[in-house]
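Trainee: These protein sequence lines map, in sequence, to chains Z and X.
In terms of our numbering, the first sequence opens at residue 1 and continues consecutively.
In terms of our numbering, the second sequence opens at residue 1 and continues consecutively.
By construction, the Cβ of each residue, glycine as well, lies at the ideal position given by its N, Cα and C atoms.
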Amino acid sequence: SQELEQSPQSLIVQEGKNLTINCTSSKTLYGLYWYKQKYGEGLIFLMMLQKGGEEKSHEKITAKLDEKKQQSSLHITASQPSHAGIYLCGADKAGWYGGSQGNLIFGKGTKLSVKP
Amino acid sequence: SAVISQKPSRDICQRGTSLTIQCQVDSQVTMMFWYRQQPGQSLTLIATANQGSEATYESGFVIDKFPISRPNLTFSTLTVSNMSPEDSSIYLCSVVLAGSEQYFGPGTRLTVT
Chain Z
1 SQELEQSPQS LIVQEGKNLT INCTSSKTLY GLYWYKQKYG EGLIFLMMLQ KGGEEKSHEK
61 ITAKLDEKKQ QSSLHITASQ PSHAGIYLCG ADKAGWYGGS QGNLIFGKGT KLSVKP
Chain X
1 SAVISQKPSR DICQRGTSLT IQCQVDSQVT MMFWYRQQPG QSLTLIATAN QGSEATYESG
61 FVIDKFPISR PNLTFSTLTV SNMSPEDSSI YLCSVVLAGS EQYFGPGTRL TVT
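1) Could you pull out every residue in the same chain whose Cβ sits closer than 8 Å to the Cβ of G107/Z, ignoring the five residues on either side in sequence?
2) Let me see if you follow: with CB-CB separation under 9 Å, is Q101/Z close to chain X or not?
3) Kindly list the residues whose CB is nearer than 6 Å to the CB of K7/X, restricted to its own chain and excluding five residues on each side of it in sequence; keep chain order.
4) For E55/Z, which of helix, strand or coil comes out of DSSP?
5) So, with DSSP's three-state summary, where would you put E101/X?
6) What residues of chain X sit near E55/Z, judged by a beta carbon separation below 8 Å?
7) Against S100/X, what residues of chain Z qualify as contacts under a CB-to-CB distance less than 7 Å, listed in chain order?
8) Taking only beta-carbon atoms, is E41/Z less than 9 Å away from chain X?
9) Under 8 Å, CB to CB, which of the residues in the region 56-90 of chain X have a partner in chain Z?
10) Which same chain residues end up closer than 8 Å to F104/X when comparing Cβ atoms and leaving out the 5 residues on each side of it in sequence?
11) For N22/Z, which residues does DSSP report across the bridge?
12) Taking Cβ to Cβ, would you say T110/X is nearer than 9 Å to V80/X?
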């Protein structure tokens, strides 16, 4: 079965610093999702990547999917306290039959703390 | 994008009782899902609730324990029946939009005593 491994498990950075979170899959990724979760709350959709080599940006967050579609990275530039939370990568468990089937598996998450 | 609301946001319930969680979406969607996140764990899909058909449950989840309604394309409910402390979790509804973007609601934090 497919597994997603995230690294690092936790990260403490000084405000203003850049950081990268990685997500590695045991199988080819046909749809890779990045979410942010604050403790005890729902998931905030950040980005979805589908194509090998694809890169998307939103504000100071950039996500990439490698050409082989087995690894994705999430990069935050000039981190702020508002970036703190748990970052989760997710992938469609059932495959990609013309689109997502909605059954996502997730990595264990990366807990990000940003020191002011 | 989709805006999803859930009610209640949190609740504390007695063992043996039931709780119904509501999920409202701001647009019509075909595919709606219910997930559970147990303390310290990642999310697990409970069931898929498509309008006009019976909900489809994942292995380990049964309709008697988690009955689901999907009366229209913007609304769904999940009931957690005969609760035990092991049901203490965050319950989230989720939708997939055309283009495969998948959004989650803010969650319902359930504590069973």
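Mentor: Working from what's here:
1) On the first sequence, position 107 is the one that residue 107/Z refers to. Closer than 8 Å at Cβ, skipping near neighbours: L4, E5, Q6, C23, L88, C89, G90.
2) Translated into positions along the first sequence, residue 101/Z becomes position 101. Yes, Q101/Z counts as interfacial toward chain X.
3) Within the second sequence, the letter at position 7 stands for residue 7/X. Q22, listed in sequence order.
4) Working through the first sequence from its first residue, we reach residue 55/Z at position 55. Of the three classes helix, strand and coil, the one that applies to E55/Z here is strand, per DSSP.
5) By one-based count along the second sequence, residue 101/X stands at place 101. E101/X: coil per DSSP, three-state reduction.
6) For the purposes of this step, residue 55/Z is identified with residue 55 of the first sequence, where counting begins at 1. Near E55/Z there are no residues of chain X at all, since even the closest Cβ is about 17 Å away, more than 8 Å.
7) The residue you call residue 100/X lines up with position 100 of the second sequence. Those within 7 Å of S100/X in chain Z are G31, M48, G99, S100.
8) Translated into positions along the first sequence, residue 41/Z becomes position 41. So yes, E41/Z belongs to the interface.
9) For the region 56-90 of chain X, the set of positions with a beta-carbon nearer than 8 Å to some beta-carbon of chain Z reads E58, I90 in chain order.
10) Stepping through the second sequence from its first residue, residue 104/X is reached at position 104. Cβ neighbours of F104/X beyond the five flanking positions: I4, Y35, L92, C93, S94.
11) The sequence position of residue 22/Z within the first sequence is 22, counting from 1. According to DSSP, N22/Z bridges with S7/Z, S73/Z.
12) The residue you call residue 110/X lines up with position 110 of the second sequence. The residue you call residue 80/X lines up with position 80 of the second sequence. According to the sequence displayed, residue 110/X carries Leu and not Thr. Taking 9 Å as the Cβ cut-off, L110/X and V80/X qualify as a contacting pair.
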